[in-house]
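Line by line, the protein sequences are chains R and W.
For the first sequence, my numbering assigns the number 513 to the initial residue and increments by one for each residue that follows.
For the second sequence, my numbering assigns the number 1091 to the initial residue and increments by one for each residue that follows.
Virtual Cβ for every residue (Gly too), placed ideally from N, Cα, C.
Note that the structure is a prediction, hence the values are computed from the model and not measured.
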Amino acid sequence: MKYIFIILASIFFSASNTYSQSNKIGWFITPEIGVMILENGVSKTVGASLGLKVWKNRLKIGIYTYGCPGPLNPQTYTIEAANGQSYKGSTTLTVRADQLSFGLLLAPTFKIKKWNFDIPINIGTMGAGFYFTGDDRVTPDGDRVSVWENKLMDSKDAGFGSYLEAGIRAFIPSNNENIQFGAGLHFTTVKDWSTYYDPSGEFYNNKLRFSLFVNFGSRNDS
Amino acid sequence: MKKKNRNVVLLFSILWSISTQAQSVLDIGFGSSQQDDIAIQVNYSKPLTPKFTVGIQYQYGMPNYRFISGITFKDKGYSTAISAPLLFKINSDNKLQLKLLLKPAVRFQGVKPEETNNVNGDYKTTALMFESGLILNIPFNNKLNIQSGVTFPIIYEVVPTALFENQTTLLHAGVNYKIANNLRVFFNGNMGSSWGASGDSQKFSWSGQMGISWNIKSSNSKPINSIIVNYF
């Protein structure tokens, strides 16, 4: 991830010069919050997209990352420990979900009257899993909690997979074209991800996500 | 503790001598975070060219929730970090200024053996940190300055174990307001998803802080583009 960012930063440097000369390449930074609709409720998300606007601002290229962090989503889930094991005297484990996605972004843009829209398509890697929370993170033998989570959930407490997400974002018209608020609707599919809690891998698959954001960037006047 | 106090005095002395040579900014702030109940930080930054600012930052935290070798210690011990933030102005559009932040740092943490249930004998840790990202500066008017941005701090523990401790996507929001000539107050916050250490470390990070910015040796207090200071 670090190298991707450094490459992106280098492109930013050259792009900023190009931008100042021809105003044909721009940039954007879009922090966001949102919710993902899951099977058993909603999960709060936080993330951002950032990158360059090319082809006279008709296309955005960059990175898109968001997560459903466990501490923001306190809902817990229960499951029996693997192979008849127990943890602190109980064979039933209480865990919390945690997810993070990081991918490349391609977003064609268009305009209807004063409203700007884009169609963010992002593809990348998703890491997600289920973990102990609260006092359960203090292990009986003082070892790392991940060691116990691995053992009790058959080394499948968490995993990585690939994801593809597509959506549409609307940017509310603003007097200042450098700053716009907006909202988005996204649909996420996940491949090759499964865990001990969710062997089917459906927990984050084929889900809707809503986002609210503030978009900072160069103007769309080229 | 006396040694730490001497280090702080030494750091201030160095900063003060540097500050006598050119316009620069001194930030002093405190706040709270996921990691620290209370933390204080001193940040000195100096523009070397119109597009490049270099700084040095010292931070001391009283931990709330931190890690040594992936094992938690809570409400005990200490954490201190020294970093060298570099800011590159890469674009201006209208009033919006886009800057690249690169911030290498080193962090030291420690806890008394009886204050943790750690069984592997690791009670002190050293970590290398690197934060890169894009910071936006938006002068709203002569007095009010708004900041935002996205950064990607990375923490890599090197002592006592080699461990990728954490990576975060941090969203920033901040304001600073001119209260007197050369003096501003600032309020900053950040939050974001984290991962690392096989799931043993932070899964979400946040911090809030406030303080004052002193624009040294300037008769005209411009909107301060000081380096956003973070807790790790």
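Could you confirm whether any beta carbon from chain R is found closer than 8 angstroms to the beta carbon of residue i?
i	result
tryptophan 1285 (chain W)	yes
lysine 1202 (chain W)	no
aspartate 1183 (chain W)	yes
phenylalanine 1142 (chain W)	no
leucine 1138 (chain W)	no
phenylalanine 1230 (chain W)	no
valine 1248 (chain W)	no
glycine 1289 (chain W)	yes
Would you mind stating whether residue i and residue j have Cβ atoms separated by less than 8 angstroms?
i	j	result
valine 1209 (chain W)	glycine 654 (chain R)	yes
serine 507 (chain R)	aspartate 1183 (chain W)	Since the displayed chain R opens at 513 and closes at 734, residue 507 (chain R) lies outside it and no answer follows.
leucine 1177 (chain W)	serine 1222 (chain W)	no
glycine 546 (chain R)	leucine 724 (chain R)	yes
isoleucine 573 (chain R)	glycine 563 (chain R)	yes
glutamine 1199 (chain W)	glycine 1239 (chain W)	no
aspartate 630 (chain R)	glycine 673 (chain R)	no
aspartate 666 (chain R)	alanine 594 (chain R)	yes
glycine 639 (chain R)	leucine 612 (chain R)	yes
isoleucine 1306 (chain W)	glutamine 1113 (chain W)	yes
Is there a C-beta anywhere in chain W that falls below 8 angstroms from the one on residue i?
i	result
lysine 514 (chain R)	Bear in mind that a pLDDT of 48 at lysine 514 (chain R), under 50, signals an unreliable position, so the number given afterwards is only what the model happens to contain. Closer than 8 angstroms to some Cβ of chain W, the Cβ of lysine 514 (chain R) qualifies, so yes.
phenylalanine 622 (chain R)	no
glycine 696 (chain R)	no
phenylalanine 722 (chain R)	no
glutamine 533 (chain R)	Note that glutamine 533 (chain R) scores 48 on pLDDT, short of 50, meaning its location in the model is unreliable and no value can be drawn from it.
glycine 615 (chain R)	no
tryptophan 539 (chain R)	yes
tyrosine 589 (chain R)	no
How big is the Cα-Cα spacing for residue i and residue j?
i	j	result
phenylalanine 715 (chain R)	serine 561 (chain R)	24 angstroms
glutamate 689 (chain R)	isoleucine 1269 (chain W)	29 angstroms
threonine 465 (chain R)	tryptophan 660 (chain R)	This structure leaves residue 465 (chain R) out entirely; chain R is present only between 513 and 734.
histidine 1262 (chain W)	valine 1196 (chain W)	22 angstroms
lysine 602 (chain R)	isoleucine 591 (chain R)	According to the sequence provided, residue 602 (chain R) is serine. The question's lysine does not apply to it. Between serine 602 (chain R) and isoleucine 591 (chain R), the C-alpha separation is close to 11 angstroms.
leucine 720 (chain R)	isoleucine 549 (chain R)	6 angstroms
isoleucine 1146 (chain W)	leucine 1218 (chain W)	15 angstroms
threonine 621 (chain R)	alanine 682 (chain R)	10 angstroms
proline 1250 (chain W)	lysine 1141 (chain W)	39 angstroms
glutamate 1255 (chain W)	lysine 626 (chain R)	46 angstroms
asparagine 1271 (chain W)	tryptophan 1285 (chain W)	43 angstroms
arginine 570 (chain R)	isoleucine 537 (chain R)	10 angstroms
threonine 1241 (chain W)	proline 632 (chain R)	21 angstroms
cysteine 580 (chain R)	lysine 1293 (chain W)	9 angstroms
Keeping to the same chain, check which residues put their C-beta closer than 8 angstroms to that of residue i; ignore five residues upstream and five downstream.
i	result
glutamine 533 (chain R)	With a pLDDT of only 48 at glutamine 533 (chain R), under the threshold of 50, the placement of this residue in the model should not be trusted, and no figure is reported.
valine 1275 (chain W)	Asn1266, Tyr1267, Ile1269, Met1300, Gly1301, Ile1302 and Ser1303
phenylalanine 728 (chain R)	Phe540, Ile541, Thr542, Asn690 and Ile691
lysine 600 (chain R)	Asp648 and Pro652
serine 712 (chain R)	Ser706
What does residue i pair with, by DSSP beta-bridge criteria?
i	result
arginine 608 (chain R)	R:Thr588 and R:Tyr643
glutamate 1221 (chain W)	W:Lys1193 and W:Pro1243
lysine 719 (chain R)	R:Thr700
proline 1153 (chain W)	W:Asp1126
leucine 676 (chain R)	R:Ile635 and R:Thr701
valine 1144 (chain W)	W:Lys1136 and W:Leu1176
isoleucine 573 (chain R)	R:Leu564 and R:Leu618
phenylalanine 693 (chain R)	R:Val726
aspartate 1117 (chain W)	W:Asn1133 and W:Ser1303
Leaving out the 5 sequence neighbours to the left and right, which residues in its chain are closer than 6 angstroms to residue i when beta-carbon positions are compared?
i	result
leucine 584 (chain R)	Lys556
lysine 1164 (chain W)	Tyr1155
isoleucine 1161 (chain W)	Asn1208
phenylalanine 1157 (chain W)	Ser1291
asparagine 634 (chain R)	Tyr576, Gly615, Leu617 and Glu677
aspartate 1127 (chain W)	Met1152 and Asn1154
By Cβ distance, which residues of its chain are closer than 7 angstroms to residue i, with the 5 residues on each side in sequence left out?
i	result
tyrosine 643 (chain R)	Gly582, Val607, Arg608, Asp610, Glu661 and Asp669
isoleucine 1118 (chain W)	Val1132, Gly1301 and Ile1302
glycine 641 (chain R)	Asp610, Asp669, Ala670, Gly671 and Thr707
Just to confirm, does residue i get its C-beta within under 7 angstroms of one of the non-hydrogen atoms of the ligand ATP?
i	result
serine 1291 (chain W)	Of ligands this structure carries none, so the ligand ATP is not represented either.
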